[in-house]
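Residue numbers (the numbering used here): 59 to 112. Note that beta-carbon positions come from the ideal geometry of N, C-alpha and C, so glycine has one too. In what follows, a single structure is set out as structure tokens and then discussed.
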């Protein structure tokens, strides 16, 4: 079994704030289950995209 370790909310926010991650990167983490859609909104300040994966 393969285990994937995703970064947590604080790590993602830190690197988003430093412009190391884009909104698309943060969306990918939300789509992958590392963070929630609400956490995406907290990090980016934007609503979770309507056309994103549900």
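Could you name the residues of the same chain whose beta carbon sits closer than 7 Å to that of residue 84, not counting the 5 residues immediately before and after it, in chain order?
To locate residue 84, count along the chain shown from 1; it is residue 26. Correct list, in chain order: 70, 74, 98, 101, 102.
Count the other C-beta atoms from every protein chain shown that fall within 10 angstroms of the C-beta of residue 64, then say buried if there are 16 or more, exposed otherwise.
Here residue 64 refers to the residue found at position 6 when the chain shown is read from its first residue. With fewer than 16 other Cβ atoms within 10 Å, it is exposed.
Residue closest to residue 93, alpha-carbon to alpha-carbon, out of 62, 67, 106:
As a first step, residue 93 is located in the chain shown; it is residue number 35 there, counting from the start. That would be 67, whose Cα lies nearest to the Cα of residue 93.
Since I believe residue 81 is in contact with residue 104 (beta carbons under 8 Å), could you give me their beta-carbon distance rounded to a whole number of angstroms?
Here residue 104 refers to the residue found at position 46 when the chain shown is read from its first residue. Here residue 81 refers to the residue found at position 23 when the chain shown is read from its first residue. Sure, about 7 Å apart at Cβ, within 8 Å.
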